[in-house]
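Working notes, structure below.
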Amino acid sequence: MEIGINDQQRYYNDYWSDHSYRLNGHEIIRLAKILQGIACVVETIGKTELKICDLGCGRGWLSNELSKFGPVVGVDLSETGIAAAKERWPSVDFRVADITQWRPDETFDLVVSSEVVEHVPDQSGFSNTIRYLLREGGYLILTTPNGKVKKAWDKGGHGAQLVEQWLSPKELRSLFSDVTPIMYCTFMYDFAYHGIFRITSAPKLLRLISMPGIMPFYNAARNIMNMGLYQIIVGRYKLLC
Numbered sequence: 023m024e025i026g027i028n029d030q031q032r033y034y035n036d037y038w039s040d041h042s043y044r045l046n047g048h049e050i051i052r053l054a055k056i057l058q059g060i061a062c063v064v065e066t067i068g069k070t071e072l073k074i075c076d077l078g079c080g081r082g083w084l085s086n087e088l089s090k091f092g093p094v095v096g097v098d099l100s101e102t103g104i105a106a107a108k109e110r111w112p113s114v115d116f117r118v119a120d121i122t123q124w125r126p127d128e129t130f131d132l133v134v135s136s137e138v139v140e141h142v143p144d145q146s147g148f149s150n151t152i153r154y155l156l157r158e159g160g161y162l163i164l165t166t167p168n169g170k171v172k173k174a175w176d177k178g179g180h181g182a183q184l185v186e187q188w189l190s191p192k193e194l195r196s197l198f199s200d201v202t203p204i205m206y207c208t209f210m211y212d213f214a215y216h217g218i219f220r221i222t223s224a225p226k227l228l229r230l231i232s233m234p235g236i237m238p239f240y241n242a243a244r245n246i247m248n249m250g251l252y253q254i255i256v257g258r259y260k261l262l263c
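Residues in the sequence shown are numbered from 23 upward in steps of one, following this note's numbering.
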């Protein structure tokens, strides 16, 4: 069944109506990766102030964090989420819009989108919006769950949102094929204890690995196999000829 934009807006108005502003552990871990991505962008372009769009900003906390690096426009479909964000962080420019159709009269150095694309029915429209928003040669930082490990996550009985269209690493690269990556990885490996994760995330194994200090190498191997719950891509849009 097709899920229309009005259905999505009603869902997220309700979703954000009583959501805590306190960050959970997963959000903190993702924030650390996003900050690492910003460091890569700043180092690459040699520019310390960026004009940033937080696309799908939800309750606005990430927009507030991003405002440390320049002016931020936070955009979300939820009127409830945006109203609460405006009240809590009045210095940030928050706007209500359908992020697959939004076409403002401005461009950005950087678009950041965290845990959004998997909840968007029209993922091609979402990708097109990002391309439209960025100035020539602009940068993208995007985090999203890893479709390769969704079955293991689902076996944990975690709640789902209205739309759950997780992308595999290959699908993510295809959707953003016009982005030249400067950083990509999966992360957060010990999130489940089902299937292969009963071996790779076994507590006894992790204790043995941590004792001799080889955990970074173990995580590097798991990253090569795309075993992280989340994936992040940081990259520059290819210049138009």
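C-beta atoms are modelled at their ideal positions from N, C-alpha and C, and glycine is treated no differently.
In chain order, what residues of the same chain have a beta carbon less than 6 Å from the beta carbon of PHE239, not counting five sequence neighbours either side?
-> In the sequence shown, residue 239 corresponds to position 217, counting from 1. For PHE239, there are no CB contacts under 6 Å within the same chain when 5 residues up- and downstream are skipped.
What does a CB cutoff of less than 6 Å around TRP38 pick up in its chain, not counting 5 residues either side in sequence?
-> Position 16 of the sequence shown holds residue 38. Same-chain partners within the cutoff: ARG81, SER100, THR102, GLY103.
Given LEU164, which residues of its chain have a CB within under 6 Å of its CB, disregarding the five upstream and five downstream residues?
-> As a position in the sequence shown, residue 164 is number 142, starting the count at 1. Cβ within range, chain order: SER135, ILE255.
Which value, in whole angstroms, describes the spacing of the CA atoms of ILE9 and SER149?
-> In the structure as shown, the chain starts at 23 and stops at 263, and residue 9 therefore has no counterpart that could be examined.
Which residues in the same chain as VAL95 place their Cβ atom closer than 6 Å to its Cβ, once the five residues preceding and following it in sequence are excluded?
-> Indexing the sequence shown from 1 puts residue 95 at position 73. The answer, listed in chain order, is CYS75, ASP115.
Can you give, in chain order, each stretch of the beta strand (DSSP E) that sits fully within the segment 34 to 81 and has at least 3 residues?
-> List check, beta strand (DSSP E) in window: 74 to 77.
What are the partner residues of PRO203, as DSSP defines its beta bridges?
-> Looking up residue 203 in the sequence shown gives position 181. PRO203 pairs with GLY257.
Where does VAL94 fall in DSSP's three states?
-> Start at 1 with the first residue of the sequence shown, and residue 94 comes out as number 72. In this structure, DSSP gives VAL94 an extended state, which the three-state scheme calls strand.
Mind checking which residues open and close the beta strand (DSSP E) that includes TYR161?
-> Here residue 161 corresponds to residue number 139 of the sequence shown, with the count starting at 1. TYR161 -> beta strand (DSSP E) spans 156 to 167.
Could you tell me the distance, in whole angstroms, from the CA atom of CYS263 to the CA atom of ILE221?
-> Residue mapping note: residue 263 aligns to position 241 of the sequence shown, counting from 1. Residue mapping note: residue 221 aligns to position 199 of the sequence shown, counting from 1. Any answer about CYS263 is weak, because its pLDDT of 49 lies below 50 and its placement is not dependable; what the coordinates show is given next. When rounded, the distance between both Cα atoms is 49 Å.
Could you tell me if ASP36 is buried or exposed, where buried requires 16 or more neighbouring beta carbons within 10 angstroms of its beta carbon?
-> On the sequence shown, residue 36 is found 14 positions in, with the first residue counted as 1. Answer is exposed; the Cβ neighbour count stays below 16.
Cut-off 7 Å between Cβ atoms - residues of its own chain near GLN30, not counting five sequence neighbours on either side = Within the sequence shown, the letter at position 8 stands for residue 30. Closer than 7 Å at Cβ, skipping near neighbours: LEU99, LEU184.
Helix, strand or coil for CYS263, going by three-state DSSP, please let me know.
-> Translated into positions along the sequence shown, residue 263 becomes position 241. With a pLDDT of only 49 at CYS263, under 50, the local geometry of the prediction cannot be trusted, and the value read off the model is given with reservation. The answer is coil: DSSP assigns CYS263 none of H, G, I, E or B.
Would you mind reading off the limits of the beta strand (DSSP E) that contains PHE116?
-> What you label residue 116 is simply residue 94 of the sequence shown in a count that begins at 1. Taken as a continuous stretch (DSSP letters only), the beta strand (DSSP E) holding PHE116 covers 115 to 118.
Look up TYR215 in the DSSP assignment and say whether it is helix, strand or coil.
-> By one-based count along the sequence shown, residue 215 stands at place 193. Annotated three-state conformation of TYR215 is coil, per DSSP.
Taking the alpha-carbon positions, what's the GLU186 to HIS141 distance?
-> Walking along the sequence shown from the start, residue 186 turns up at place 164. Walking along the sequence shown from the start, residue 141 turns up at place 119. One alpha carbon belongs to GLU186, the other to HIS141, and they sit about 5 Å apart.
From the DSSP output, in three-state form, read off GLY250 for me.
-> Position 228 of the sequence shown, counted from the start, is the residue given in the question as residue 250. Under the three-state reduction of DSSP, GLY250 is assigned to coil, being neither helix nor strand.
Alpha carbon to alpha carbon, what distance is there between ARG229 and SER195?
-> Residue 195 sits at position 173 when you count from the first residue of the sequence shown. Residue 229 sits at position 207 when you count from the first residue of the sequence shown. Contrary to the premise, residue 195 reads as Arg rather than Ser in this sequence. In this model, ARG195 and ARG229 are separated by some 34 Å (Cα to Cα).
Express the C-alpha separation of VAL171 and GLN253 in angstroms, rounding to a whole number.
-> Position 231 of the sequence shown, counted from the first residue, corresponds to residue 253. Position 149 of the sequence shown, counted from the first residue, corresponds to residue 171. Each residue's Cα considered, the two are about 11 Å apart.
Residue range of the unbroken beta strand (DSSP E) whose run includes SER89 = Indexing the sequence shown from 1 puts residue 89 at position 67. First-last for SER89: undefined, no H or E at that position.
Take the Cβ of TYR43 as the centre, count every other Cβ of all protein chains shown within 10 Å, and call the residue buried at 16 or more, exposed below.
-> Start at 1 with the first residue of the sequence shown, and residue 43 comes out as number 21. Exposed, because fewer than 16 other Cβ atoms sit within 10 Å of the Cβ of TYR43.
Per DSSP, LEU189 forms a beta bridge with which residues?
-> Position 167 of the sequence shown, counted from the start, is the residue given in the question as residue 189. DSSP, once it has assigned bridges, lists ASN168 as partnering LEU189.
Quick one: measure Cβ to Cβ for VAL133 and LEU162, integer angstroms, because I've assumed they're closer than 8 Å.
-> On the sequence shown, residue 133 is found 111 positions in, with the first residue counted as 1. On the sequence shown, residue 162 is found 140 positions in, with the first residue counted as 1. Right, the Cβ-Cβ distance comes to about 5 Å (below 8 Å), so this counts as a contact.
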